Amino acid sequence: MNITLNGKDKSLHKAMSVTDLLTGLELTPETVVVEINTTILQPDSYQSTILAEGDQVEIIRFVGGG
Amino acid sequence: MLTIAGTEFSSRLFLGTGKFSSSSVMAEAIAASGCQMVTVALRRIDLDNPEDDIMKALGQRPYTFLPNTSGARNAEEAIRLAHIARAASGSPWLKLEVTPDPRTLLPDPVETLIATEKLAKDGFIVLPYINADPILALKLQDVGAAAVMPLGSPIGTNQGVLSDSMVEIIIEQARVPVVVDAGIGAPSHAAYAMEMGADAVLVNTAISIAGDPVAMAAAFAKAVEAGRTAYVAGMGQRSKQASASSPEKGTLSSDLGFLT
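The listed protein sequences derive, respectively, from chains A and B. Quick note on my numbering: the first sequence kicks off at 1 and runs consecutively. Quick note on my numbering: the second sequence kicks off at 1001 and runs consecutively.
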């Protein structure tokens, strides 16, 4: 299954929740915002949200800025 | 005391967190500045090269976080970023920035007005970054901006408050706080804006790229305080005609006979 993750193609070898994705990327869920197909996902639904073919996933966080 | 949307700030210096050499220098500079409001940006994580989480250095501190919408080129993109910012920060504070041209980074007034109105209705505390346009500043207040942030000069240019005569009109007409943002390159620029009656200034590049950012942050804090104190004390009027500081009576000018 293929998704687009932060603008790049990514293949997933098995069904995966958003929690699984973040764990695999070694990202702490509290420090990021996840958008799927331009909809912001609430953190309490990371576990229950299973990624689907063609999903556009954005993982965003704060950086330094003026 | 400065009040924006019901929140009080004893410091009138706001700091941007971009371009610091490290998180620890940034945290030290923020502490030295005494500021209580810091801006942050939102970006996609570079998954091949994830940087340190900035909130590790900033979190658990008594600042109001002001996420910006930098990178947005129109109202739609800014609104999308605003919602991501609110999800990330858990707070409605927002520096609205809509800059369609990466060369000048000048703000789009039309898109900024559209986005301010929508976001204010949606419960955001919106501080729009604008060109120093007095009419636009009034319109933004009418649609719910919590403050206005006119530029001194383009972002990151260190040119100072080139827009001073327009900023003066904005301040004179404002019913919300006026924060001079962008282009402030030296403590004297910050003091100048504060002497004019600006409610606060936002500084980033001048501090973050200084030889010693921590010392520069302290210098800006003093300048902002000096400028504010001078404004409250009441500045003298500018005049082209000289006006003697020393008494004119009793000078020797009428009796220079000894020189002949």
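Note that beta-carbon positions come from the ideal geometry of N, C-alpha and C, so glycine has one too. Quick caveat, the model's predicted, so the values are computed rather than measured.
Flagged as an interface residue toward chain B: residue 31 of chain A, by a C-beta distance shorter than 8 Å.
Comparing C-alpha distances from residue 1065 of chain B to each of B/1127, B/1212 and B/1180 shows the shortest one belongs to B/1127.
At a cut-off of 8 Å between C-beta atoms, residue 5 of chain A counts as an interface residue with respect to chain B. Of the other Cβ atoms in all chains shown, 16 or more fall within 10 Å of the Cβ of residue 1149 of chain B; this residue is therefore buried. Counting along the chain, the unbroken alpha helix (DSSP H) around residue 1140 of chain B starts and ends at 1134–1142. Take residue 1123 of chain B, set aside five residues on each side of it, and the residues of its chain with a beta-carbon closer than 6 Å to its own are 1092, in chain order. C-alpha of residue 1031 of chain B to C-alpha of residue 1037 of chain B: approximately 11 Å in a straight line. Not one beta carbon of chain B lies nearer than 8 Å to the beta carbon of residue 57 of chain A.
Around residue 35 of chain A, the beta-carbon contacts reaching into chain B at under 8 Å are 1084. Taking 8 Å as the cut-off, the beta carbon of residue 1221 of chain B is found no closer than this to the beta carbon of residue 1191 of chain B.
Within the region 1066–1135 of chain B, the complete beta strand (DSSP E) segments at least 3 residues long are 1093–1096 and 1125–1130, listed from N- to C-terminus.
Contacts with chain B at 8 Å (Cβ-Cβ) do not include residue 54 of chain A. In the displayed model, residue 1208 of chain B falls within a helix according to three-state DSSP. For residue 38 of chain A, the chain B residues whose Cβ falls inside 8 Å of its Cβ are 1080, in order along the chain. Within chain A, not a single residue places a beta-carbon under 9 Å from that of residue 1061 of chain B; the smallest gap is close to 13 Å.
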